[in-house]
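First up is the structure itself, then whatever we jot down about it.
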Amino acid sequence: MKHLFRSFWIVALIVCCNFQQTFAQQMPPIPVDNNVRIGKLDNGLTYYIRKNSLPENRADFYIAQKVGSIQEEADQRGLAHFLEHMCFNGTTHFPGDALKQYLERIGVKFGENLNAYTSVDETVYNISNVPVTTPGAIDSCLLILHDWSNDLTLDPKEIDKERGVINEEWRTRMSAMQRLQEKMLPVMFKGTKYENCFPIGTMDVVMNFKPQTLRDYYEKWYRPDLQGVVIVGDIDVDAVEAQIKKIFADIPAQPNAAKREYYPVNDNEEPIVLVAQDKEQPHIQVIVFNKHEATPDDQKDNMAYLVQNYATNLISSMLDARLNELAQVADPPYIYAGTYDGDFFVAKTKDAFTGVVVCKEDAVENGITTLLREIERARQFGFTETEYNRARAEYLRQLESAYNERDKRKNREYVNEYVRHFLDNEPIPGIENEYAIINQIAPNIPVALINQIMPSLITGSNQVVAVLGPEKEGLKLPSEDAVKQILKDVRAEKLTAYIDKVSDEPLMKEAPKGGKIVSEKKDDVFGTTMLTLSNGVKVIIKNTDFKADEIRMKGVSLGGSSLFPDSEIININGLDAVEVGGLGNFSAVDLEKVLAGKKASVSYGIGDKTEAVNGNCSPKDFETMMQLTYLTFTAPRRDDDAFASYKNRNKAALQNMEMNPRVTFSDSIQSSIYMKHPRMTRIKADMIDKMDYDKILSMYQDRFKDASDFTFIFVGNVDVEAMKPLIAEYLGALPVINRKETFKDNKVEMRQGVYKNEFIRQQETPRASNLVFINGTCKYDLKNDILLSMTSQILDLVYTAKVREDEGGSYGVYTAGQLIKYPKEQAILQIIFETAPEKREKLMKIIFAELENITKAGPSEGDLNKVKEFMLKKHAEDLKENSYWLGSIDEYLFTGMNSIKDYDQIVNSITVKDIQKFADDLFKQKNEVEVSMISPNKE
């Protein structure tokens, strides 16, 4: 293979003017990972099976359908998505809701582990994280996939119940952006099947179709030649294959079935421009599509496709770096800009190199022009050698990290690859093959070849531009003609090549004068090594084998922004601005350049009660993470232009935020619960100019000038002995003044008693958004934390049954609980849902009736057992995550609660009576805030 690649590049450099043709002629096929078993039954059904032991004793079961909303006729709009819902409402072997009931009994949670999605061209169902050690679980899940494939009952009564659920899902989804996108389709895809293809469909069809119409769609399109089953997990591949052959054999082939068409997209010589506005859209967003041919599925197994993806990935990366650099100037041309190459919006039969720019209200045309100019500059002049070297190093670094984790990959990663292989013939070489191929090819691809690809992506024709913005008085968006003129002007503009400013300066010119490790001991609570440094810094190290290429870090100290007065709330909100200046001698832009090819990152956070640094690195880049940590403490870089840019972009981003109804709802919630306490007030556009850079830097430095009370936690693939010298050198050199401090109680109290805030907020879509917020005193310990979580999850089950399924009243009722330690021990429970205005009163009665029921009678034994099974399963999975251990150690340091010890024992011990008493103790305190924002039906 080496000789083939070498000869290919000699040829390629001579004839690279025809990129795709050259690749197709010279490159061998992409190998298929031999660790996945792929087969096809006589009836046409395809299957993928792979043995994988992460998570342990778990498996994922998927079935993908090569059909979606594009197959719908005019009287079927929304039925592909409706059918997806009906797969959970009755099959031959699992009538009614038996499917959900069975899976929840074995710990498979509806919504989280049991779900599906419908898009334009596909529908995919999943049963994830199934405990395969449960007797019968594998066969039952295969039987469910079988029934989804061919044996839905489609009971008319169940169909009628589901109409309301989907109507409420439509209501929830009907945001400003959804309405704007619905305006885009008929313009962008005029005369094609894509004109009206969003899966949610029309509510006229959803509420009125005859059940036989849905059955007709099901029988026409859900058939084995369009279906792929994917099973990955801790399984016996031979046994699962035998069961697939046995269980799915009774599904008949359909040799005379309707042809599955993939509909083309029209080309356009002149630009297509759409300008659309919405009263609830807060931002001005412009999307520029440069359409080009998509690689046909039957050509994606050629090595050329792998290289093409490599090239377009790097082109986007390099162009994004330039656009980000422009955003750092004092008066930036836009709020944000970025690019990608992929499907042309909703169609996968055409690709598009796409640019997105979020514009400032007073500089829309400048924002569009700048984005177009930088794309055109790259088209004309390409990229520099140094830009390419960085982008390639970063790409190879990410690939190396994936290769290092090859034995630690989760089921879902493999499943996603195999689903895409089935649906789109995306390559599945396996990381070992991909790593070997790309590392052989990438060093031989010169920047000149990358630069010759750019003109094939940006051809000058086939352009589509969508300008989407707020509908408000005084705002004037550019007209279609104005946008077309901008396109012409930029194309004709005389540009110069981009100059890449690079430095060979190291991140740190010299190492700091380090400290020493003055004590080391083992701690049995979490199985850690504990170090104390000469400057007082404490270090806790937990070695794990969960990931090969990951070390996570958190350094934390008490104090936070609580120590600053309420009068500084605007500057407190601006503390995240310190990072825009960069570190040491490097601007934020230059810092990204110097870190290219390294897996090491550090960020800081100043919360209400703590200040912290968080990091992540590969073991080989641990020293780089230590250097970044040292600089974060000692050398935040002042950059007045970058700060001016930060203010400019944030002010522009916040300018129309109140047009979004959800922001109004959120503001009302905060105001109702915290009674307009200044620390709980959202930052607004008119506050940005009051930010004081000197004060912000001073506040930041105050929080990080004393490391003596910091504790650093490291979790991951650590070599303690190898780390110790670097920890002593960098963390031991952090500045100290030996302050003794903790956080301050600023009396951010939650409202006590019963309070209702019901108000009208007219919206484009009638809806009622509702919150019930309950709080009360509660001891902070693991048992109460578990009881609160169980109460929340049980209410989720109850409300799903009563509000969503029985009433068709809401797409979902979301409950969440939280235990709070400081400044006083409390519990909160919040319930949020949206519904039609006319249904609100009835549903609110159900919400409160079920709260009362759980305090009087407790939950059903069945619901409690479902929640227990899920929690025990999830906890076993969490124990294999570095992030979970880091969070648990951090929790223990902050509150003294060990969230790991005795967890399973406590979960198993909880009774119906325990839940009833816990709920009663919380709810009888009668601290209830109810907020409802209502947009009535328009007359």
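Numbering (my numbering) for the sequence shown: 145 to 1083.
No residue lacks a Cβ here, since even glycine has one placed at the ideal position from N, Cα and C.
The structure presented is a predicted model; accordingly, all values stated were derived computationally and were not measured.
**Item:** Cut-off 8 Å between Cβ atoms - residues of its own chain near K1082, not counting five sequence neighbours on either side
**Value:** P910
**Item:** Assigned exposure category for F903 - 16 Cβ within 10 Å defines buried
**Value:** exposed
**Item:** Straight-line Cα distance separating F527 from P622
**Value:** 31 Å
**Request:** Can you have a look at I975 and say buried or exposed, based on whether 16 or more other CB atoms are within 10 angstroms of its CB?
**Result:** Buried is the call here.
**Asked** So, do the region 603-618 and the region 430-447 have three or more beta carbon pairs nearer to each other than 8 Å?
**Response** Cβ pair count under 8 Å is three or more, so yes.
**Item:** Through-space distance from T935 to L296, alpha-carbon basis
**Value:** 33 Å
**Message:** I believe T336 touches R221 by the beta-carbon criterion, under 8 Å. Please report the beta-carbon distance rounded to the nearest angstrom.
**Reply:** Actually they are not in contact, since the Cβ atoms of T336 and R221 sit about 15 Å apart, beyond 8 Å.
**Request:** May I ask you to verify whether the region 1026-1039 touches the region 690-707, counting CB pairs closer than 8 Å and requiring at least 3?
**Result:** yes
**Same chain, Cβ closer than 6 Å to N758, five either side skipped, listed in chain order** = Apart from the 5 residues on each side of it in sequence, N758 sits with its Cβ closer than 6 Å to the Cβ of K698 and S747 in its chain, given in chain order.
**Asked** Applying the criterion that 16 or more other CB atoms from any shown protein chain within 10 Å of the CB defines a buried residue, is K891 buried or exposed?
**Response** exposed
**Residues that DSSP places opposite V563 in a beta bridge** = BP columns for V563 are empty, so no partner.
**Request:** Find out if the Cβ-Cβ distance for the pair N687, P763 is shorter than 8 Å.
**Result:** no
**Prompt:** Short check: CB of N804 to CB of E424, under 8 Å?
**Reply:** yes
**Request:** Could you tell me if K492 is buried or exposed, where buried requires 16 or more neighbouring beta carbons within 10 angstroms of its beta carbon?
**Result:** buried
**Request:** State the Cα-Cα distance for the pair I964 and V681, rounded to the nearest angstrom.
**Result:** 27 Å
**Prompt:** DSSP three-state call for I1044: helix, strand or coil?
**Reply:** coil
**Message:** How far does the beta strand (DSSP E) with Q607 in it extend, from its first residue to its last?
**Reply:** Q607 to P614
**Request:** Please classify C922: does DSSP put it in a helix, a strand, or coil?
**Result:** coil
**Asked** For I1161 versus L450, is the C-beta spacing smaller than 8 Å?
**Response** Any question about residue 1161 goes unanswered here, given that the chain covers just 145 to 1083.
**Message:** For the region 245-264 against the region 385-405, do three or more pairs of beta-carbon atoms, one drawn from each stretch, fall closer than 8 Å, so that the two count as touching?
**Reply:** no
**Asked** What is the residue span of the alpha helix (DSSP H) that F488 lies within?
**Response** Run containing F488: none in the alpha helix (DSSP H); it sits in the beta strand (DSSP E), Y480 to F488.
**Prompt:** What is the DSSP secondary structure of I813, counted as helix, strand or coil?
**Reply:** helix
**Request:** From the DSSP output, in three-state form, read off G704 for me.
**Result:** For G704, the three-state secondary structure derived from DSSP is helix.
**Request:** Leaving aside the five residues before and after K839 along the sequence, list all residues of the same chain whose C-beta is less than 8 Å from its C-beta, in chain order.
**Result:** E712 and N715
**Bridge-paired residues (DSSP) for K435** = A496
**Prompt:** Ordered along the chain, which non-local residues of its own chain (more than five positions away) have a Cβ less than 6 Å from that of V331?
**Reply:** L418
**Request:** Can you grab the Cα-Cα spacing for the pair F777 / L878, in whole Å?
**Result:** 7 Å
**Prompt:** Measuring CB to CB, does L987 end up less than 8 Å from I918?
**Reply:** no
**Request:** Using the Cα positions of V268 and Q209, report the straight-line distance between them to the nearest angstrom.
**Result:** 6 Å
**Request:** Look at the Cβ atom of L470, then the Cβ atom of P476, and state whether they are nearer than 8 Å.
**Result:** Contact flag set, yes.
**Asked** Using DSSP with H/G/I as helix, E/B as strand and the rest coil, what is G725?
**Response** helix
**Request:** Tell me, please, whether the region 592-604 touches the region 525-545 by the rule of three or more beta-carbon pairs shorter than 8 Å.
**Result:** yes
**Request:** Can you say whether T166 is buried or exposed, counting buried as having 16 or more other CB atoms within 10 angstroms of its CB?
**Result:** Caution applies to T166, whose pLDDT of 49 falls short of 50 and renders its modelled position unreliable; the model cannot decide the point.
**Cβ pair count under 8 Å reaching 3, the region 989-1000 against the region 1052-1066** = yes
**Item:** Buried versus exposed, by CB contacts within 10 Å (16 or more), Y980
**Value:** Position check: residue 980 holds Ala in this sequence, whereas Tyr was assumed. Burial is judged here by how many other beta carbons sit within 10 angstroms of a residue's own beta carbon; A980 has at least 16 and is buried.
**Request:** Apply the 10 Å Cβ neighbour rule to G234 and answer buried if 16 or more other Cβ atoms are within range, or exposed otherwise.
**Result:** By the 10 Å Cβ count, G234 comes out buried.
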